[in-house]
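Chains V and W, in that order, give the protein sequences. In terms of the numbering used here, the first sequence has 127 at position 136, counting the first letter as 1, and numbering is strictly consecutive. In terms of the numbering used here, the second sequence has 44 at position 53, counting the first letter as 1, and numbering is strictly consecutive. Built from N, CA and C at the ideal position, the CB exists for glycine as well.
Number of protein chains: 2
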Amino acid sequence: MEFEKQIKNHFLKGHEIFLRHISIDCVVFGFHENELRALLLKSRVFDKLSLPGGFVMLDEAMDAAAHRILKERTGLDKIFLQQFHVFSDPLRSHRKLLLDLFKEMKVAPGESWMFERFISAGYSALVDFTKVKPMPDILSETCQWFSIKDIPELALDHNLILEKALEHLRLQLNYQPVGYNLLPLKFTMPELQALYETVLDRKLDRRNFHRKMMSTGILIKLKETKKGVAHKAPFYYKFDLHKYEKALKVGMGFQL
Amino acid sequence: MEFEKQIKNHFLKGHEIFLRHISIDCVVFGFHENELRALLLKSRVFDKLSLPGGFVMLDEAMDAAAHRILKERTGLDKIFLQQFHVFSDPLRSHRKLLLDLFKEMKVAPGESWMFERFISAGYSALVDFTKVKPMPDILSETCQWFSIKDIPELALDHNLILEKALEHLRLQLNYQPVGYNLLPLKFTMPELQALYETVLDRKLDRRNFHRKMMSTGILIKLKETKKGVAHKAPFYYKFDLHKYEKALKVGMGFQL
DNA sequence: TCTTATTGTGTTAATATGACGCAATGTAAT
DNA sequence: ATTACATTGCGTCATATTAACACAATAAGA
């Protein structure tokens, strides 16, 4: 079977393509139906779900590797991506997970670079949920969105990685307009507020929120209102791309 | 000569002790005479100065490796240490630097793990200047403090790493009481202010600064005043360790 | 047409911030 | 000893920011 052959080749020869000891794990955040979500893979061989990840090619920058990996999982090219932490516990390892698979494939642990220790760089990706076409990798059967509130036990230290990514996102939301990357081009104020409330995990005053957001000058109000909605139709807004770029560097200068 | 033998051994056998492709670079910040300073090493063999660094042992956590490296350079055990960025440009490499040395030592580039590509984790260390005893490593002849305002051209991408560390420190100073780690146990308010002004690189109003610092409740005013000083003697202060720990996690909730 | 949930905008009181005044203090010069 | 002076500690005030809340406008559905 082609699939098994590819896997076995990866185990035995992968180190001729990729750097040893270094892996990448990505937390892909999306926002949909007032829920913050992350992409998770269901492995063909392991029980637990895991974060999308991969390895760094011998002559590739780590950021480039993360972009390459995410292009494969989401179909997206220009993703807002940041490394946020490196996980280096010497006990974090695929060893236990791989033992059965190795036996089945008749690969001796000592033969494979995958059986060695890995240090993993955590990357946080913020994407427009509506633009993503989740695609599983060769080892997985599904790639799906999971609400942050409803994350099961993950493989390895992936729960820890996800937690750290969330913490990073919360901190960042306080001084950078990262909402831009999580929302479609046009969005309503209630949607933007829901995003902030979900990420920060607390309620915000609707009117004060509106005032603060507008005071940054980063939002442009459109003439168009949302259609087919009960009650008063909210206006659409979009980000002023130029001011967004500036605020990314300088910060927004307010606290929520 | 024992020195050359050790170096050669490190080049040829180091990969039996350390992980390939992974290095650590530390930016050690200290504060002295109203200047923010960093530790730099003067190599025995290279022209340019460089940051203290090292490698990760086969079974060692990265944080532990950084602590081990800094213990060797500063003599200090419990250092406030944080990874802040990973530098992974595939062109960053010791290759050029090592070529002459390899020739001299009759080591073929292909024989040594040191000639391979390295991904480096940047660590930022905040230390009490007065507690540090700078010690050069085996490849260096000196280990000395340099004022941040007066950093020469460094080896590899170390200028970039230092810049990133400084940026990280500036951001952090705005929401965490990191001054604690850079000052001795007791210090005066003008000293604390000088630290903030140096790191943030701007003047602050003396009286407003005093008010804000005290409003955090994180400082304890001592009865003792500074002796042997011209003009009015300022009081000493110390950090309330309990509140400091809390503020590290929660943040300080003010902007300077 | 009326009800109702939701949105857009305004008001006000409390709080935080920035800019500055002034007396107290301790060293050094006279 | 007296005085000059730079610096510290504490206070004031005008202004900006924030939090809490009121109310009219809107559009779907009864």
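Within chain V, not a single residue places a beta-carbon under 7 Å from that of residue 243/W; the smallest gap is close to 11 Å. Within chain W, no C-beta atom comes less than 7 Å from the C-beta of residue 224/V; the nearest is roughly 37 Å away. Look at the beta carbons and you see the segment 12 to 25 of chain V touching the segment 115 to 125 of chain V: at least three pairs across the two are nearer than 8 Å. Look at residue 205/W: its C-beta is not under 8 Å from any C-beta on chain V. By the C-beta density criterion, residue 221/W is exposed, having fewer than 16 other C-beta atoms within 10 angstroms.
Inclusion of residue 112/V and residue 48/V in the CB contact set at 8 Å is not warranted, their separation being larger than that value. Within chain W, the residues placing a beta-carbon under 7 Å from that of residue 110/V are 13 and 53, ordered along the chain.
When 146/V, 164/V, 139/V and 240/V are compared, the shortest CA-CA separation from residue 154/V is found for 139/V. Cβ proximity to chain V below 8 Å picks out 53, 54, 74, 76, 77 and 79 from the segment 53 to 79 of chain W. Per DSSP, residue 12/V is one residue of the beta strand (DSSP E) stretching across 9 to 23.
Contacts with chain W (Cβ-Cβ distance below 8 Å) from the segment 37 to 50 of chain V involve 47, 49 and 50, listed in chain order.
Annotation: the segment 19 to 104 of chain V contains the following complete segments of the alpha helix (DSSP H) (minimum length 4 residues), in chain order: 53 to 65 and 86 to 96. Taking 8 Å as the cut-off, the Cβ atoms of residue 239/V and residue 228/V do not count as close. Nearest C-alpha to residue 175/V among 1/V, 186/V and 224/V: 186/V. Within the segment 115 to 139 of chain V, not one residue has a Cβ closer than 8 Å to any Cβ of chain W.
For residue 56/V, the CB contacts under 6 Å within the same chain, skipping 5 residues up- and downstream, are 15 and 47 in chain order.
Beyond the five residues adjoining it in sequence on each side, residue 215/W comes within less than 8 Å, by CB distance, of 177, 226 and 227 in the same chain, given in chain order. For residue 110/V, the uninterrupted beta strand (DSSP E) segment begins and ends at 110 to 117. Interface with chain W (8 Å Cβ-Cβ cutoff): residue 10/V is included. Taking the C-beta atoms as reference points, residue 130/W is found nearer than 8 Å to residue 35/W. By the Cβ criterion, the segment 83 to 97 of chain V is not in contact with the segment 24 to 31 of chain V, since fewer than three pairs of Cβ atoms, one from each stretch, lie closer than 8 Å. DSSP places residue 187/W within a helical segment (H, G or I) once states are collapsed to three. In the same chain as residue -3/W, and ignoring 5 residues on each side of it, the C-beta atoms closer than 8 Å to its own belong to 129, in chain order.
Straight through space, the alpha carbons of residue 115/V and residue -6/V are spaced by roughly 29 Å. By the C-beta density criterion, residue 51/V is buried, having at least 16 other C-beta atoms within 10 angstroms. The segment 60 to 80 of chain W makes contact with the segment 103 to 112 of chain W, as at least three CB pairs between them are under 8 Å. The beta carbon of residue 100/W sits no closer than 8 Å to any beta carbon of chain V. With a threshold of 8 Å between beta carbons, residue 175/V makes no contact with chain W.
Going by DSSP, residue 211/W is part of the beta strand (DSSP E) stretching over 210 to 216.
Under a criterion of Cβ atoms nearer than 7 Å, the residues of chain V adjacent to residue 81/W are, in order, 50, 51 and 52.
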